[in-house]
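Numbered continuously in our numbering, the sequence shown closes out at residue 271.
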Amino acid sequence: MRLGCLGLLMAVALAVPEAAAQETTLLDQAERLAAGGETQEARQALARWEREFGESAPPALRARAWFLAGRLSEEGAEAELHYLRVIIEGSSTEYADDALLRLAQYKYARGEYGRVVEYLGRLRRDYPTSEHGPVALLWIARAAAELGDAERACAAAEQGLAELSPADTLLELALREAQAGCRARVRTYTVQVAAFQDEVAAQELAGTLLRQGFDAWVLNATERDPLYRVRVGRGLIEGEAEAVMERLTVAGYSPFLVSQASRPGGGR
4 MRLGCLGLLM AVALAVPEAA AQETTLLDQA ERLAAGGETQ EARQALARWE REFGESAPPA
64 LRARAWFLAG RLSEEGAEAE LHYLRVIIEG SSTEYADDAL LRLAQYKYAR GEYGRVVEYL
124 GRLRRDYPTS EHGPVALLWI ARAAAELGDA ERACAAAEQG LAELSPADTL LELALREAQA
184 GCRARVRTYT VQVAAFQDEV AAQELAGTLL RQGFDAWVLN ATERDPLYRV RVGRGLIEGE
244 AEAVMERLTV AGYSPFLVSQ ASRPGGGR
């Protein structure tokens, strides 16, 4: 009797890891088929996994299966449901940030730009170490630009460039394109340090500022405006201009912001 019980326990013990291995193997097979472009076969393998293991699988495997189901979905609405399930029920798994990114891209394609910013803001907040951080910032920049929020678009593009891996040249190009696009829409500034009637004095101060590490230049006098204006920076968004003003103030100057639309003119 005891030998029989022992044999039964050993059989159960051996069956548990074997079942777990089958769970993983079937999902591996579905992913390989999907990667190879065999979409229908991948769906069939995933459906079999759902029938055999879907209810009893651990959370990480369920999230993996839902994420794959989203990738294999033929309809956007169906994919959305799978990704939402990953985000809600599998938020602690490695697939959650991927699901947020794909869901945001789907919302962008549908023109739901506010949801794009919402989902990717959550990705940035809840998964700060995600490898998708710079890509999320690119899509935030694009969505913010569509919403007319040029300052947020510029800030996202610039943060994406700051976090970008140097080797990712395609993403860098996309972020620079987004940055250029938002800068064309946002009000930009320069910082004025002083104004002189004498050009030589203006050029001397500009030279001093350059030696101190500031991007100084002189706005030339005109008939309507006879002053030579010493300024720092061009095309700065408000936050950048305020940072320059703070540096100049610490250095002993009395700067102030000037919108670059205030007066067109040639600098040198």
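Glycine included, C-beta positions come from ideal geometry on N, C-alpha and C.
Check, Outcome
"7 Å Cβ shell around Val247 - same chain, five flanking residues per side excluded", "Val194, Val235, Gly236, Leu239"
"Thr326 in three-state terms, based on DSSP", "The requested residue 326 does not occur in the structure, where the chain is confined to residues 4 to 271."
"Extent of the continuous beta strand (DSSP E) to which Arg232 belongs", "231–239"
"Short Cβ contact (8 Å threshold) for Ala33 with Trp52", "yes"
"Residue range of the beta strand (DSSP E) that includes Ala219", "219–222"
"The beta strand (DSSP E) enclosing Leu260, as first and last residue numbers", "259–262"
"Cβ-Cβ separation, Ala144 to Ala160 (assumed contact under 8 Å), whole Å", "4 Å"
"Collapsed DSSP secondary structure at Ala82 in the structure displayed", "helix"
"As assigned by DSSP and simplified to three states, the class of Thr252", "helix"
"Where the alpha helix (DSSP H) containing Thr172 begins and where it ends", "172–186"
"Reduced DSSP category for Ala60 - H, G, I as helix; E, B as strand; rest coil", "coil"
"Contact under 8 Å by Cβ, Arg105 with Tyr130", "no"
"Residue(s) in a DSSP beta bridge with Ala198", "Arg232"
"Span separating the alpha-carbon of Ser349 from that of Leu64", "For residue 349 there is no data in the structure shown, the boundaries of the chain being 4 and 271."
"Distance between Thr191 and Glu226 (C-alpha atoms, nearest Å)", "25 Å"
"Exposed unless 16 or more other CB atoms sit within 10 angstroms - verdict on Arg127", "buried"
"Simplified DSSP assignment, three categories, for Val169", "Val is not the amino acid found at residue 169; the sequence shown has Pro there. Looking at Pro169 - three-state DSSP - the assignment turns out to be coil, as it is neither helix nor strand."
"Run of the alpha helix (DSSP H) containing Asp101, from where it starts to where it stops", "99–112"
"Residues near Ala1 in its chain [Cβ-Cβ closer than 8 Å; skip 5 each side]", "Nothing about residue 1 can be reported from this structure: the residues present for the chain run from 4 to 271 only."
"Among Glu115, Val221, Leu49, Arg46, the one whose alpha carbon lies nearest that of Ala198", "Val221"
"Cβ neighbours of Pro229 in the same chain (closer than 8 Å, five flanking residues each side left out)", "Gln200"
"Cβ-based neighbour list, Gly124, same chain, cut-off 8 Å, excluding 5 preceding and 5 following", "Ile143"
"Burial state of Cys8, where buried means 16 or more other Cβ atoms lie within 10 Å", "Legend: pLDDT at Cys8 = 49, less than 50; position of this residue unreliable, no value from coordinates given."
"Spatially closest choice to Thr28 from Ala99, Val189, Glu55, Thr42, by CA coordinates", "Glu55"
"Neighbourhood of Gly136 by C-beta, 6 Å cutoff - its chain only, sequence neighbours within 5 removed", "Glu166"
"Status (buried if at least 16 other CB within 10 Å, exposed otherwise) for Ala187", "exposed"
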